[in-house]
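Undergrad: This is the structure I want to talk about, given as structure tokens.
Protein chains: 6
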Amino acid sequence: MRYFDDFEIGEKIVTKSRSITEADIVLFSAFSGDWHQLHTDIEFAKKGPFGERIAHGFLVLAVASGLMPLGEMAVLAFYGMDKVRFVGPTKIGDTIHVEMEVLEKQEKEKGGVVSFKSSIRNQKEEDVAILTMKVALHKK
Amino acid sequence: MRYFDDFEIGEKIVTKSRSITEADIVLFSAFSGDWHQLHTDIEFAKKGPFGERIAHGFLVLAVASGLMPLGEMAVLAFYGMDKVRFVGPTKIGDTIHVEMEVLEKQEKEKGGVVSFKSSIRNQKEEDVAILTMKVALHKK
Amino acid sequence: MRYFDDFEIGEKIVTKSRSITEADIVLFSAFSGDWHQLHTDIEFAKKGPFGERIAHGFLVLAVASGLMPLGEMAVLAFYGMDKVRFVGPTKIGDTIHVEMEVLEKQEKEKGGVVSFKSSIRNQKEEDVAILTMKVALHKK
Amino acid sequence: MRYFDDFEIGEKIVTKSRSITEADIVLFSAFSGDWHQLHTDIEFAKKGPFGERIAHGFLVLAVASGLMPLGEMAVLAFYGMDKVRFVGPTKIGDTIHVEMEVLEKQEKEKGGVVSFKSSIRNQKEEDVAILTMKVALHKK
Amino acid sequence: MRYFDDFEIGEKIVTKSRSITEADIVLFSAFSGDWHQLHTDIEFAKKGPFGERIAHGFLVLAVASGLMPLGEMAVLAFYGMDKVRFVGPTKIGDTIHVEMEVLEKQEKEKGGVVSFKSSIRNQKEEDVAILTMKVALHKK
Amino acid sequence: MRYFDDFEIGEKIVTKSRSITEADIVLFSAFSGDWHQLHTDIEFAKKGPFGERIAHGFLVLAVASGLMPLGEMAVLAFYGMDKVRFVGPTKIGDTIHVEMEVLEKQEKEKGGVVSFKSSIRNQKEEDVAILTMKVALHKK
Numbered sequence: 001m002r003y004f005d006d007f008e009i010g011e012k013i014v015t016k017s018r019s020i021t022e023a024d025i026v027l028f029s030a031f032s033g034d035w036h037q038l039h040t041d042i043e044f045a046k047k048g049p050f051g052e053r054i055a056h057g058f059l060v061l062a063v064a065s066g067l068m069p070l071g072e073m074a075v076l077a078f079y080g081m082d083k084v085r086f087v088g089p090t091k092i093g094d095t096i097h098v099e100m101e102v103l104e105k106q107e108k109e110k111g112g113v114v115s116f117k118s119s120i121r122n123q124k125e126e127d128v129a130i131l132t133m134k135v136a137l138h139k140k
Numbered sequence: 141m142r143y144f145d146d147f148e149i150g151e152k153i154v155t156k157s158r159s160i161t162e163a164d165i166v167l168f169s170a171f172s173g174d175w176h177q178l179h180t181d182i183e184f185a186k187k188g189p190f191g192e193r194i195a196h197g198f199l200v201l202a203v204a205s206g207l208m209p210l211g212e213m214a215v216l217a218f219y220g221m222d223k224v225r226f227v228g229p230t231k232i233g234d235t236i237h238v239e240m241e242v243l244e245k246q247e248k249e250k251g252g253v254v255s256f257k258s259s260i261r262n263q264k265e266e267d268v269a270i271l272t273m274k275v276a277l278h279k280k
Numbered sequence: 281m282r283y284f285d286d287f288e289i290g291e292k293i294v295t296k297s298r299s300i301t302e303a304d305i306v307l308f309s310a311f312s313g314d315w316h317q318l319h320t321d322i323e324f325a326k327k328g329p330f331g332e333r334i335a336h337g338f339l340v341l342a343v344a345s346g347l348m349p350l351g352e353m354a355v356l357a358f359y360g361m362d363k364v365r366f367v368g369p370t371k372i373g374d375t376i377h378v379e380m381e382v383l384e385k386q387e388k389e390k391g392g393v394v395s396f397k398s399s400i401r402n403q404k405e406e407d408v409a410i411l412t413m414k415v416a417l418h419k420k
Numbered sequence: 421m422r423y424f425d426d427f428e429i430g431e432k433i434v435t436k437s438r439s440i441t442e443a444d445i446v447l448f449s450a451f452s453g454d455w456h457q458l459h460t461d462i463e464f465a466k467k468g469p470f471g472e473r474i475a476h477g478f479l480v481l482a483v484a485s486g487l488m489p490l491g492e493m494a495v496l497a498f499y500g501m502d503k504v505r506f507v508g509p510t511k512i513g514d515t516i517h518v519e520m521e522v523l524e525k526q527e528k529e530k531g532g533v534v535s536f537k538s539s540i541r542n543q544k545e546e547d548v549a550i551l552t553m554k555v556a557l558h559k560k
Numbered sequence: 561m562r563y564f565d566d567f568e569i570g571e572k573i574v575t576k577s578r579s580i581t582e583a584d585i586v587l588f589s590a591f592s593g594d595w596h597q598l599h600t601d602i603e604f605a606k607k608g609p610f611g612e613r614i615a616h617g618f619l620v621l622a623v624a625s626g627l628m629p630l631g632e633m634a635v636l637a638f639y640g641m642d643k644v645r646f647v648g649p650t651k652i653g654d655t656i657h658v659e660m661e662v663l664e665k666q667e668k669e670k671g672g673v674v675s676f677k678s679s680i681r682n683q684k685e686e687d688v689a690i691l692t693m694k695v696a697l698h699k700k
Numbered sequence: 701m702r703y704f705d706d707f708e709i710g711e712k713i714v715t716k717s718r719s720i721t722e723a724d725i726v727l728f729s730a731f732s733g734d735w736h737q738l739h740t741d742i743e744f745a746k747k748g749p750f751g752e753r754i755a756h757g758f759l760v761l762a763v764a765s766g767l768m769p770l771g772e773m774a775v776l777a778f779y780g781m782d783k784v785r786f787v788g789p790t791k792i793g794d795t796i797h798v799e800m801e802v803l804e805k806q807e808k809e810k811g812g813v814v815s816f817k818s819s820i821r822n823q824k825e826e827d828v829a830i831l832t833m834k835v836a837l838h839k840k
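Protein chains in written order, with my numbering: chain H, 1 to 140; chain V, 141 to 280; chain L, 281 to 420; chain A, 421 to 560; chain B, 561 to 700; chain C, 701 to 840.
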């Protein structure tokens with residue numbers, strides 16, 4: 001288990017990868033209730049900017065959250081995110097992972113907040129989303 | 141269908157509501173792969189700061205994305221988010237909705253980006269998350 | 281395997297039962313995309329005619345279709361339904377089964393259509409839906 | 421929100437579309453418990469009338485119910501359906517929408533019932549199911 | 561309903577079949593929380609012994625349990641399994657069924673345990689798993 | 701990543717825990733197709749030996765497989781299991797974890813098989829299942 005004290009500025013983490021399938025897009029549309037035709041209508045998507053259905057931005061973030069090693073951190077709470085930008089599409093069959101770097105540490109009364117500069121990248125090493133992820137952790 | 145041109149600074153939108161159930165937490169843990177014990181272990185959660193399991197931050201965002209009327213907008217892409225902060229827990233049985241206000245409009249070569257100051261609020265009108273949501277829309 | 285020839289007018293079938301849980305309502309809302317607040321918003325439902333969330337009519341039909349012994353029939357196609365009426369609510373924790381009676385047999389060029397007068401009933405033996413179910417079966 | 425009073429005989433509604441994927445067929449088999457080999461066994465389906473797996477009739481209806489704008493109607497209850505007929509198969513990759521026309525309005529003590537003649541159609545504008553959908557709505 | 565008394569040593573059962581889809585692998589990864597890259601990462605699996613993603617061993621067993629006619633047995637409890645061996649991969653698009661033979665019957669104070677020598681086989685009649693399945697049944 | 705060489709006879713692993721909810725039982729019934737009334741019918745289960753619905757044996761094994769740290773092992777394949785016995789019920793709201801001990805190591809041409817004596821235990825430290833889990837791992 002890693003605590004607030006255990007992280008060092010500049011430390012890097014590269015996660016495992018997960019492929020995004022058509023089933024993932026159906027499941028996320030279902031769970032979120034966001035059935036926008038960009039994600040769920042083959043005919044509509046054919047005529048759109050990508051020529052095919054793409055994954056929801058929030059799907060990409062949700063999968064990234066499962067790839068991040070939060071289970072090995074003494075998480076107090078998910079504090080927030082800064083400047084989340086979706087910079088490329090995630091298509092069916094793409095495989096994504098997350099590259100994180102400790103950017104900042106802020107001590108708080110209870111625990112502290114670690115900020116991770118994070119890139120969600122596909123199998124071609126293209127960024128699909130960039131964000132600063134802020135997690136509140138227990139101190140030792 | 142609403143286009144970039146149709147939104148006015150200061151315009152407000154209040155969405156419908158959805159209750160967050162134990163099943164939602166199981167489904168989101170499953171989909172995301174984030175089985176942190178804060179969300180999925182009754183015994184662990186009893187001893188934690190909230191005394192019970194709470195919803196994932198990304199679950200709250202995913203549900204909010206389905207509540208937002210994106211299906212009625214001429215969405216080009218999900219541009220990103222600024223300053224997302226989780227300011228209160230969402231517990232099993234809570235019912236959340238989103239209150240949005242048009243904060244800013246930025247014209248781009250293709251379409252434009254509308255920024256919505258957004259509060260995700262529960263049935264007691266408490267904020268559970270606040271964020272600026274940025275959506276790229278087609279022009280008419 | 282039972283064929284068109286094997287059914288007799290007046291024959292009765294009583295299926296097993298399945299309880300309808302909160303999870304079923306969440307799953308069906310997700311799958312269908314019908315998140316009407318009657319089914320998914322605790323606060324909204326409190327003020328409605330039933331005082332609580334109720335199952336979707338199509339959820340009740342979908343569960344009934346799984347309870348019916350279609351797997352033991354030489355099904356050619358689902359032909360259709362006549363006069364489907366939802367006559368009572370299905371609440372979380374209710375347990376439903378189907379009672380079917382062969383009403384009519386119509387021979388067709390390929391196989392034949394068997395019509396089952398069907399009642400979907402809860403644990404108090406109250407009807408929640410009544411319908412005539414029409415299934416096209418192979419001949420021997 | 422549209423009430424009983426707001427609908428006029430002859431009024432038409434065309435819904436958005438949703439593609440039916442292999443994942444949808446797996447999810448509906450799972451939810452309903454109807455694992456008939458027509459829907460779930462590639463080898464069995466190869467030898468059947470369509471040469472491949474097809475969607476369940478109730479899957480098509482469930483998806484149609486989510487496409488219909490029930491969320492914008494002041495729904496009292498799902499009253500029922502008349503003469504539902506499955507007139508063509510829905511295959512993996514097909515994209516369906518619903519075309520509805522107000523056929524009849526019946527005033528009741530509490531609210532009233534609006535009957536919609538409905539066609540569920542695929543991307544080739546072929547009918548896959550036709551039915552009369554009857555929804556009980558609040559009066560203003 | 562079949563009881564302990566109704567089974568005879570040497571009796572054989574061949575179940576229906578079910579195809580294993582990509583959606584099944586995503587759903588089982590999600591439910592179990594076992595997102596091992598053998599099952600969920602296209603790029604990782606390409607370099608592995610099978611050249612593609614394969615189904616989880618427990619997915620194969622879970623599907624087999626649904627194919628077995630347990631619903632027609634007067635089950636007291638699932639007693640256990642002996643010598644479970646995974647002898648071949650199950651790939652996306654494979655169709656599996658179970659062949660069972662009554663190997664042994666052990667009378668107990670309450671009911672008795674029937675042991676089924678079981679082979680889970682694919683559409684090429686290759687064994688993918690072999691096991692002895694032990695089910696406790698009621699006596700008549 | 702841990703290889704065949706890294707495990708020592710007698711080494712112990714205690715996993716994290718996960719609570720088993722009603723939603724888990726619905727999801728596993730759905731996925732597996734095993735809708736036995738022991739698991740899914742409140743009224744039936746009331747009259748049974750446990751007085752309430754219990755989790756499927758295979759559900760317990762599937763959840764255990766996700767709790768085991770397989771993701772940190774250089775898994776070649778899931779080899780099999782010996783003597784699996786379900787020794788106690790898992791009820792809705794129970795929280796299970798796995799305690800594993802390395803029992804045996806068998807070198808093979810490609811890699812080797814590590815056998816883990818495993819107990820799946822609930823929050824009261826009662827065994828619910830015991831088994832020997834056999835995993836084929838890469839050598840370094």
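Quick reminder that beta carbons are idealized off the backbone N, C-alpha and C, glycines included.
Quick one: what's got a C-beta closer than 6 Å to V/Val253's C-beta in the same chain, skipping five residues either side?
TA: Tyr219, Gln246, Lys274 and Ala276
Undergrad: Mind listing which residues of the segment 55 to 69 of chain H have their C-beta closer than 9 Å to chain V's C-betas, in chain order?
TA: His56, Gly57, Phe58, Leu59, Leu61, Ala62, Val63, Ala64, Ser65, Gly66, Leu67 and Met68
Undergrad: B/Thr650 to B/Phe610, Cα distance in whole Å?
TA: 10 Å
Undergrad: Measure the C-alpha to C-alpha separation of H/Leu38 and H/Gly48 and round it to an integer number of angstroms.
TA: 8 Å
Undergrad: Less than 8 Å between CB atoms is the rule here; does A/Asp444 satisfy it with respect to chain H?
TA: yes
Undergrad: If V/Glu249 and V/Val154 are in contact, beta carbons under 8 Å, what's the gap, nearest whole angstrom?
TA: 32 Å between Cβ atoms; not a contact.
Undergrad: Thinking just about the alpha-carbon of each residue, which of A/Glu431, A/Lys559, A/Glu428 and A/Glu546 is nearest to the one in A/Leu496?
TA: A/Lys559
Undergrad: On the criterion of 16 or more Cβ atoms from any shown chain inside 10 Å, does C/Glu722 qualify as buried, or is it exposed?
TA: buried
Undergrad: I need the straight-line Cα distance from C/Asn822 to H/Phe7, nearest angstrom please.
TA: 33 Å
Undergrad: Could you work out which residues of chain B lie near H/Arg53, taking near to mean beta carbons separated by less than 9 Å?
TA: None at all; the shortest Cβ gap to chain B is about 15 Å.
Undergrad: Which residue wins for smallest C-alpha separation from C/Ala764, given the options C/Ser719, C/Gly811 and C/Lys746?
TA: C/Ser719
Undergrad: Anything in chain A within Cβ reach of L/Gly351, meaning under 9 Å, just list it in chain order.
TA: Going along chain A in sequence order, the residues near L/Gly351 (Cβ under 9 Å) are Asp454, Trp455, His456 and Gln457.
Undergrad: Are L/Val340 and L/Val382 closer than 8 Å when you measure CB to CB?
TA: no
Undergrad: Taking 8 Å as the CB-CB limit, is L/Val408 close to chain A?
TA: no
Undergrad: List in chain order: all unbroken beta strand (DSSP E) runs of 3+ residues lying wholly within the segment 195 to 261 of chain V.
TA: Within the segment 195 to 261 of chain V, the runs of beta strand (DSSP E) at least 3 residues long that lie entirely inside it are, in chain order, 215 to 226, 235 to 247 and 252 to 261.
Undergrad: When DSSP builds the beta bridges, which residues end up paired with C/Met833?
TA: According to DSSP, which records beta bridges pairwise, C/Met833 is partnered with C/Met781 and C/Phe816.
Undergrad: Under the three-state reduction of DSSP, which class applies to H/Asp41: helix, strand or coil?
TA: coil
Undergrad: With respect to the beta strand (DSSP E) encompassing H/Ile13, which residues constitute its N-terminal and C-terminal limits?
TA: In the DSSP annotation of this structure, the continuous segment of the beta strand (DSSP E) that includes H/Ile13 starts and ends at Lys12 to Val14.
Undergrad: For a contact meaning CB atoms closer than 9 Å, what does C/Arg718 contact in chain V?
TA: Ser169, Trp175, Gln177, Thr180 and Asp181
Undergrad: Cβ atoms of V/Gly251 and V/Thr184: under 8 Å apart, would you say?
TA: Note that residue 184 of chain V is Phe in the sequence shown, not Thr. It is not a contact, given that the beta carbons lie outside the stated cut-off.
Undergrad: First and last residue of the alpha helix (DSSP H) that includes B/Ile585?
TA: Glu582 to Ser592
Undergrad: Starting from the C-beta of H/Phe88, find all residues in its chain whose C-beta is less than 7 Å away, skip the five residues before and the five after it, and write them out in chain order.
TA: Position check: residue 88 of chain H holds Gly in this sequence, whereas Phe was assumed. Once the five neighbours on either side are set aside, the close Cβ partners of H/Gly88 are Glu126, Asp127 and Val128.
Undergrad: Contact criterion: CB-CB distance below 8 Å. Does V/Gly233 meet it with respect to chain L?
TA: yes
Undergrad: How many Å lie between V/Trp175 and B/Phe618 at the Cα?
TA: 19 Å
Undergrad: Using a beta-carbon distance cut-off of less than 7 Å, what residues from the segment 526 to 550 of chain A approach chain H?
TA: Gln543
Undergrad: Who are C/Ser719's beta bridge partners in DSSP?
TA: DSSP lists C/Thr795 as partners of C/Ser719.
Undergrad: At a CB-CB cut-off below 7 Å, which residues of chain A make contact with B/Thr581?
TA: Near B/Thr581 (Cβ distances below 7 Å), the residues of chain A are Glu442 and Val446.
Undergrad: With 7 Å as the C-beta to C-beta threshold (strictly closer), list the residues of the segment 777 to 802 of chain C near chain B in chain order.
TA: Ala777, Phe778, Tyr779, Gly780, Met781, Asp782, Lys783, Val784, Arg785 and Phe786
Undergrad: Excluding the 5 residues flanking H/Ile92 on each side, which residues of the same chain have their C-beta closer than 6 Å to its C-beta?
TA: Glu22
Undergrad: Within this structure, are the beta carbons of H/Asp41 and A/Ser437 separated by less than 8 Å?
TA: yes
Undergrad: Would A/Val495 pass as an interface residue toward chain L - the criterion being a Cβ-Cβ separation below 8 Å?
TA: yes
Undergrad: Taking only beta-carbon atoms, is B/Phe604 less than 8 Å away from chain H?
TA: Judged by the 8 Å Cβ criterion, B/Phe604 is in contact with chain H.
Undergrad: Cutting at 6 Å between CB atoms, please list the residues of its own chain near V/Arg193, excluding the five before and the five after it.
TA: His179 and Ala185
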